[in-house]
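Before any comments, here is the structure.
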Amino acid sequence: MKANLGSLKKICIVVFVLFGVLSATKLDELKFSFDFSQFFPEEDPDLAFYDSYVEEFGTDDNFLLIAVENKPNVFQKDFLNKFQAFSQESKDFEHVLESNSLTTLSYPLKTSFGYTTLPIVHIKDSLQYQEDWHKIQEDSLFINVLIDEKGESLVLALRTEDNLDYKQSEVLLHTIRTSLKSHDLTNYHILGRAFFYEAIVEMQRSEVLTTTIVASILVFIILLLVYRSMPVVLISVFSIAMSLLLFMGLLAALGKELNAMAAFYPVLMLIVGTSDVIHLTDSYIRKLQSGISRYAAIISSLKEVGMTTLLTSITTAVGFVTLLSSRLVSIQEFGINAAIGVLVAYTTVILLTGSLLISLPEKKLIGRKSISENWVNYLLKVNTFTKNYPNQIIWGTVIFTLFCFLGIYLIKTNHEFKQTLPAKSEIAIDFEYFQNNYAGFRPLEIAVMSTDGHKVTDFEIAQEIEKLLTYLKTIKIIGNIQSANLPYKIINKANNLNNAAFFTLPNDKVTFIKYQKDTRKLARKQLARFINGDETVARINGKLQDVGTDSLKIVYNSIDRFAKTNLDTTLVTVKVTGKSILLDKNSEYIRSSLLEGLLYGLLLIGVIMAFVFRDIKIFLISLVPNVLPILFAGGILGFLGIPLEASLSVVFAIVFGIAVDDTIHFLGKYKLGITQGLDKEAALEKTFAQTGRALVITTIILFFGFMVMLFSIHQPSITIGLIISVTLVTALILDLLLLPVLLRKLI
1 MKANLGSLKK
11 ICIVVFVLFG
21 VLSATKLDEL
31 KFSFDFSQFF
41 PEEDPDLAFY
51 DSYVEEFGTD
61 DNFLLIAVEN
71 KPNVFQKDFL
81 NKFQAFSQES
91 KDFEHVLESN
101 SLTTLSYPLK
111 TSFGYTTLPI
121 VHIKDSLQYQ
131 EDWHKIQEDS
141 LFINVLIDEK
151 GESLVLALRT
161 EDNLDYKQSE
171 VLLHTIRTSL
181 KSHDLTNYHI
191 LGRAFFYEAI
201 VEMQRSEVLT
211 TTIVASILVF
221 IILLLVYRSM
231 PVVLISVFSI
241 AMSLLLFMGL
251 LAALGKELNA
261 MAAFYPVLML
271 IVGTSDVIHL
281 TDSYIRKLQS
291 GISRYAAIIS
301 SLKEVGMTTL
311 LTSITTAVGF
321 VTLLSSRLVS
331 IQEFGINAAI
341 GVLVAYTTVI
351 LLTGSLLISL
361 PEKKLIGRKS
371 ISENWVNYLL
381 KVNTFTKNYP
391 NQIIWGTVIF
401 TLFCFLGIYL
411 IKTNHEFKQT
421 LPAKSEIAID
431 FEYFQNNYAG
441 FRPLEIAVMS
451 TDGHKVTDFE
461 IAQEIEKLLT
471 YLKTIKIIGN
481 IQSANLPYKI
491 INKANNLNNA
501 AFFTLPNDKV
511 TFIKYQKDTR
521 KLARKQLARF
531 INGDETVARI
541 NGKLQDVGTD
551 SLKIVYNSID
561 RFAKTNLDTT
571 LVTVKVTGKS
581 ILLDKNSEYI
591 RSSLLEGLLY
601 GLLLIGVIMA
611 FVFRDIKIFL
621 ISLVPNVLPI
631 LFAGGILGFL
641 GIPLEASLSV
651 VFAIVFGIAV
661 DDTIHFLGKY
671 KLGITQGLDK
681 EAALEKTFAQ
691 TGRALVITTI
701 ILFFGFMVML
711 FSIHQPSITI
721 GLIISVTLVT
731 ALILDLLLLP
741 VLLRKLI
């Protein structure tokens, strides 16, 4: 047997080293991506409608805005010349379809000789600047769209190709920044899909690297403090690092794209792997100290701890698999990848760590105070406390549960998009700038559909659209509203000496039809952006301030209500659509999908535990200390006023998947003691003495492991790390205090 294990040991080490090298060569193939569609709820009727809407009009986030500041105001010849040169140059940028700014646009004017144009800003004539500014303010068409209301910045609005990928976004942004620099325009702000794509992917790469380094250092320090043996620590760190390397290499080989949740992978792999390592190493060292040979000790440890660790790995993976109940692709992907990672960590620890441990001379382990008697004494005191004060513990648990439910009742879903941006980053600063000085970032899309054979180009329907536009202008958080009526208003104004008072829809059908002919000649492309091919759907678009999902839902409902009660529904039907409303719908599904997923998880884990322990009472007992941490996590969100949003839903899966591990180890050791003929109290004492230490140490590692997320620049990651850390400590306390009480009372 010794010879066979020796050969198997060498094979395992060689195989893992080879796979590790192969994985390292794959790391440069890791893909990072960011797409708002990852956060769309699948199988939602609004998503189906939006997909058909996009086929008609294109996406609603194919824009890039560049605001260039110049104080005290933009009406200075030198600045206007530079901005105009930049605007003209932008028309030839790769991936740009259309470019507009106040220095390139003009007013149409009808003369006796036909239509001519007047510049909005007379760049070469500084004497007209004041009059130009007065005219812009009078029209209000461009205020907070292409110029801020103080006149301190101008915006270049670019319409880009749909769905630019990361490389295309990088190329475009590099070109823009180079052009801005060449024209000496240094005080600028950017907003749009390409900029978000670049910033979020850079954040993801930085987060993965940072969390890997910090978590690795943390694991090394904790293991060194625990075992005080450099060989043991190096074996453990090598095994854990190998599991992370294999996992990342596997993701690369499978072509998985890492999204905003990727920063959690290194932390999860390191702390889950460390937990498995500690349980196996503790058991192995204890058996060596009892006089068993190393080969017999590793076999005994694998039988004793290996199966329990396998069970905990499966239950942790099941916790992550519950995220498949989410309607969000990004959350589903995270759940699948994390589950794969947990199983990779288990396989690596059992095979590689076991092989490395038996390669280490026994004298390197025996005699070291890695299993301190102080630990045993403290843990036995905890056991005595649970024996002496069972009623107090139960009443404390009841009060704690009521406290959690109160917090859950206070949970809000009014999530703001800016909360997901990297703290104090360039993109966060620019986002805030556009929020404060312009119409905002969130796109608003409204589809106006004709009925009963009418066309949206009919005068009667144009009037209905105008009613809706007038109402939209009364909602403060909506700006930059555009529609198919805009060209008619501009033509009407052009036919009336460019007087701002005539920037309205023509009052009579005859004039409307006359202007419609002019519009089809002069603004065919612009009109095509707002009316589909068969003229059955008209588009209204605008921008929304980022005021929170609940507040925006009220706005969406008010638009829907106005359309049904104030418009002629025999002519038109109205539907709010777009990426913004789809993102906001997440909050409607988070709670339901979360509860659904956890119930499935409880059921599946219950079946596994009932099969392993073959005792329905133990299964029921195990649920209590694992459900309460989930309730506590929800309570923290409520009491801290943190709005529930998509990424936070992983908190509950992580807590549920990991917290159950300690319960399984505790009950597994207790059940083993009972089967060995020990009575209830003796079995509990043995459990506290032999398993309690590993539970405490692994929880400490889990606590500090997730606290690593405090180094993140991503606010949701900080929140998730903090909540999980605190909640897992709570789970340990419940296991050590409540489980013994329940075992004594119910079994």
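For the sequence shown, full-length UniProt numbering begins at 1 and goes up steadily by one.
C-beta atoms are modelled at their ideal positions from N, C-alpha and C, and glycine is treated no differently.
Within 7 Å, strictly: CB atoms of residue i and residue j
i, j, result
"K543", "A439", "yes"
"K26", "G192", "no"
"P397", "L739", "Strictly speaking, residue 397 in this sequence is Thr, with Pro absent from that position. Against a cut-off of 7 Å, the Cβ pair of L739 and T397 comes out as no contact."
"I411", "L637", "yes"
"V201", "A67", "no"
"D550", "T348", "no"
"L734", "P625", "yes"
"F503", "N496", "no"
"P716", "T451", "no"
"S106", "T116", "no"
"F688", "L380", "yes"
"A500", "N485", "no"
Candidates the options, of which the one nearest residue i by Cα
i, options, result
"D139", "K467, D60 and N498", "N498"
"residue 786", "G273, L468 and I701", "Residue 786 cannot be examined here, being either before or after the span of the chain that is shown, 1 to 747."
"Y53", "A447, N507 and S558", "A447"
"G306", "L288, L743 and D282", "D282"
"L246", "V624, S23 and T519", "S23"
"L505", "V321, T663 and P487", "P487"
"I278", "I292, S301 and S293", "S301"
"E89", "R177, Q128 and Y129", "R177"
"N163", "N73, D60 and G151", "D60"
"L47", "K669, R744, A683 and K585", "K585"
"N437", "V74, P108, I147 and P72", "I147"
"L732", "S558, V555, L695 and R520", "L695"
"D679", "V655, V627 and I747", "I747"
Three-state secondary structure (DSSP) of residue i
i, result
"Y115", "strand"
"I371", "Because the pLDDT at I371 is just 48, under 50, the model does not fix this residue reliably, and the point stays unresolved."
"F63", "strand"
"F431", "helix"
"F220", "helix"
"K26", "helix"
"M1", "Note that M1 scores 49 on pLDDT, short of 50, meaning its location in the model is unreliable; the coordinates nonetheless yield the value given after this. DSSP places M1 in coil when its eight states are reduced to three."
"Y265", "helix"
"R177", "helix"
"N71", "A quick correction: the sequence has Lys, not Asn, at residue 71. Coil at K71, not helix or strand."
"R529", "coil"
"L18", "helix"
"A484", "coil"
"H95", "coil"
"R539", "strand"
"E445", "strand"
"H134", "helix"
"A157", "strand"
"V456", "coil"
"I411", "coil"
"T573", "strand"
"H714", "strand"
"S326", "coil"
CB-CB length for residue i against residue j, believed under 8 Å
i, j, result
"residue 756", "V96", "The requested residue 756 does not occur in the structure, where the chain is confined to residues 1 to 747."
"Q84", "I123", "6 Å"
"H714", "M203", "6 Å"
"L582", "Y197", "Not a contact, Cβ separation roughly 18 Å."
"Y468", "L567", "Note that residue 468 corresponds to Leu in the displayed sequence, not to Tyr. That pair is a contact at about 7 Å."
"I271", "G705", "4 Å"
"L736", "V382", "6 Å"
Neighbour flag for residue i against chain C, beta carbons, 7 Å
i, result
"S580", "The structure shown has no chain C; it contains just one protein chain."
| message | Check whether the stretch 320-335 and the stretch 672-683 touch, using three or more Cβ-Cβ pairs below 8 Å as the test. | response | no
| task | Mind the definition here: the stretch 350-365 touches the stretch 5-20 only if three or more C-beta pairs lie below 8 Å; say whether that holds. | result | yes
| query | Should the stretch 535-542 be regarded as contacting the stretch 478-489, the criterion being three or more beta carbon pairs within less than 8 Å? | reply | yes
| message | I want to know whether the stretch 87-106 touches the stretch 570-587 - three or more CB-CB distances under 8 Å. | response | no
| query | Within the chosen definition, does the stretch 227-244 reach the stretch 312-323 through at least 3 CB pairs nearer than 8 Å? | reply | no
| said: I want to know whether the stretch 56-72 touches the stretch 177-194 - three or more CB-CB distances under 8 Å. | reply: yes
| message | Check whether the stretch 424-434 and the stretch 509-526 are in contact - that is, three or more C-beta pairs closer than 8 Å. | response | no
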